[in-house]
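Working notes, beginning with the structure itself.
Number of protein chains: 2
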Amino acid sequence: MKDARNIKDLLYEQVARIGKVFSSPKRLELVELLCQGEKTVEVLAREVSISVKLTSAHLRELREAHLVETERQGKNICYRLANKAVAELWVQIHTLAEDRLIELQLALQKIATQPDDLVPSDRDSLLKAARKGEVVVLDVRPAEEYLAAHLPFARSIPLDELRQRLNELPKDRSIVAYCRGPYCLMAVDAVELLKREGYSAIHLRDGVAEWGLLRSQ
Amino acid sequence: MKDARNIKDLLYEQVARIGKVFSSPKRLELVELLCQGEKTVEVLAREVSISVKLTSAHLRELREAHLVETERQGKNICYRLANKAVAELWVQIHTLAEDRLIELQLALQKIATQPDDLVPSDRDSLLKAARKGEVVVLDVRPAEEYLAAHLPFARSIPLDELRQRLNELPKDRSIVAYCRGPYCLMAVDAVELLKREGYSAIHLRDGVAEWGLLRSQ
DNA sequence: AATTCATTCTAATAATTGTTAGAATATAAA
DNA sequence: TTTATATTCTAACAATTATTAGAATGAATT
Chain A
3 MKDARNIKDL LYEQVARIGK VFSSPKRLEL VELLCQGEKT VEVLAREVSI SVKLTSAHLR
63 ELREAHLVET ERQGKNICYR LANKAVAELW VQIHTLAEDR LIELQLALQK IATQPDDLVP
123 SDRDSLLKAA RKGEVVVLDV RPAEEYLAAH LPFARSIPLD ELRQRLNELP KDRSIVAYCR
183 GPYCLMAVDA VELLKREGYS AIHLRDGVAE WGLLRSQ
Chain B
3 MKDARNIKDL LYEQVARIGK VFSSPKRLEL VELLCQGEKT VEVLAREVSI SVKLTSAHLR
63 ELREAHLVET ERQGKNICYR LANKAVAELW VQIHTLAEDR LIELQLALQK IATQPDDLVP
123 SDRDSLLKAA RKGEVVVLDV RPAEEYLAAH LPFARSIPLD ELRQRLNELP KDRSIVAYCR
183 GPYCLMAVDA VELLKREGYS AIHLRDGVAE WGLLRSQ
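For the protein sequence lines, the chains are A and B, in the order given. By the count of the working numbering, the first sequence reaches residue 219 at its end, each step adding exactly one. By the count of the working numbering, the second sequence reaches residue 219 at its end, each step adding exactly one.
In structure tokens:
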């Protein structure tokens, strides 16, 4: 090995290309959205509240790091994660952030009106209860995202249809609402609405990415 | 929830603090070194071939992201990873990079003189062979790193002592040499030397971080 | 064929980060 | 107490990245 230093620099530089993707808040948000299923540039831009141009620039970085793939569908170009491992990395990064950053812990605590979020250890019991029909697992994300992947036994009522479709839900059982993950506030809103209307509602922080439910490849 | 956008921006910004740490080649290299055990600023600077000042600046970023902890030991300040999860994230990021980036795959292939690296699936059989004494697992990192953590059944001969201590190794069994991980070239050099000297040597790409052998907390 | 629409590319500027040098700090040794 | 050593802090400049605007592309619609 002549110049070990140059070789090493090259290797770490390559790995840093992947790291860079996860160093920008907006790119993280894009990755999390793509964890919910494939999306067009326009939809992504609207969801993260930035211009289409800027979204396109961020998506190019993801593309150049080979973390996303694109496919033209008529007029639109659809982006999807290249790999299940990308979603897993997002989950591991935000989990580590929640573990280490007190600021993040505090911010997350403020979101939850009550500290009744289900924690990961409850997964088995939640699944069992959902299977028996003792609780209703409610996916409040847009219908497409539910179709792309959803928790076992979950039923779909997107947040913006919830008010009109309240009658589909039982009042005698707990409703466990989830959305895209801990940084998505849809399930928080859903639980608030449900509680106001006299339902017994619980907020599940984790989404499909955190449950590892994404299709591989 | 009044201003969901502001809350979200705040949350993703916090996670990006963690991502930023892994977006710089030199910081990645520092993280990998810290996966081998605690180290002083001077040692870290020497290993990654940058000035102490710049190393200190990079380490401050790690500190501000709460991914490392410091402890004064006499004249020196020792840095260590805050958490096993930091090492796991490093492994997951470089694994994803190796999976997605063709450039990285090619660069890694060039390093290995022969493609006889043991792959992760061989772990069980390696362990079994090492336990029976059919192969010698050789840790060529500095002695302190071996002491901090090492593969099961591994014996320590640092690379720079290897030439003088060749007689400690058997010629009738395979020697499986490893170092800090796939981007560390010490094991490559060791295998080259051993082969030249008539030993049957194999390069194991993974190190203690990849084997998940670090002490928690 | 012309027009529209979604998206990307290019180039420019604003904002952030990397890097370096000099001053400051805090401990250890004399 | 003085001096040496290891490290950090501050401030400056260089390099990179984020953001925006305008031109270009390429498929769908008229």
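Note that CB positions come from ideal geometry on N, CA and C, so glycine has one too. Being a predicted model, the structure only gives us computed values, none of them experimental.
Could you check if residue i is buried or exposed, using at least 16 other CB atoms within 10 Å of its CB as the buried criterion?
i                      : result
residue 135 of chain A : exposed
residue 143 of chain B : buried
residue 38 of chain B  : buried
residue 10 of chain B  : buried
residue 51 of chain A  : exposed
residue 141 of chain A : buried
residue 5 of chain A   : exposed
residue 170 of chain B : exposed
residue 16 of chain A  : buried
residue 219 of chain B : Unreliable positioning characterises residue 219 of chain B in this predicted model, as indicated by a pLDDT of 48, which lies under 50. The coordinate reading is nonetheless provided below. By the neighbour-count rule (16 or more Cβ atoms within 10 Å), residue 219 of chain B is not buried but exposed.
residue 162 of chain A : exposed
residue 85 of chain A  : buried
residue 145 of chain B : exposed
residue 29 of chain B  : buried
residue 59 of chain B  : exposed
residue 214 of chain A : exposed
residue 199 of chain A : exposed
residue 183 of chain A : buried
residue 159 of chain A : buried
Reducing DSSP to helix, strand and coil, say where residue i ends up.
i                      : result
residue 15 of chain B  : helix
residue 202 of chain B : coil
residue 193 of chain A : helix
residue 48 of chain A  : helix
residue 124 of chain B : helix
residue 148 of chain A : helix
residue 4 of chain A   : Here residue 4 of chain A scores only 49 on pLDDT, less than 50, and its place in the model is too uncertain to base an answer on.
residue 130 of chain B : helix
residue 22 of chain B  : helix
residue 210 of chain A : helix
residue 176 of chain B : strand
residue 33 of chain A  : helix
residue 65 of chain A  : helix
residue 77 of chain B  : coil
residue 157 of chain A : strand
residue 109 of chain B : helix
residue 184 of chain B : coil
residue 114 of chain B : coil
residue 171 of chain A : coil
residue 215 of chain B : coil
residue 103 of chain A : coil
Tell me, which residues are paired with residue i by DSSP?
i                      : result
residue 97 of chain A  : Its beta-bridge partners do not exist; DSSP assigns none.
residue 162 of chain B : Answer is none; residue 162 of chain B lacks a bridge partner.
residue 71 of chain A  : A:82
residue 139 of chain A : A:178
residue 57 of chain A  : According to DSSP, residue 57 of chain A bridges with nothing at all.
residue 41 of chain A  : A:81
I'd like to confirm something about residue i: is its beta-carbon nearer than 7 Å to some heavy atom of the ligand PLP, or not?
i                     : result
residue 79 of chain A : For the structure depicted, the ligand PLP is absent and the ligand set is empty, with no information on it obtainable.
Cβ contact check for the region 165-179 of chain B and the region 190-203 of chain B: 3 or more pairs under 8 Å = yes
Between the region 61-70 of chain B and the region 17-26 of chain B, do at least 3 Cβ pairs fall closer than 8 Å?
-> yes
Counting pairs of Cβ atoms below 8 Å between the region 29-44 of chain B and the region 72-89 of chain B, do you hit three or more?
-> yes
Between the region 200-218 of chain A and the region 149-162 of chain A, do at least 3 Cβ pairs fall closer than 8 Å?
-> yes
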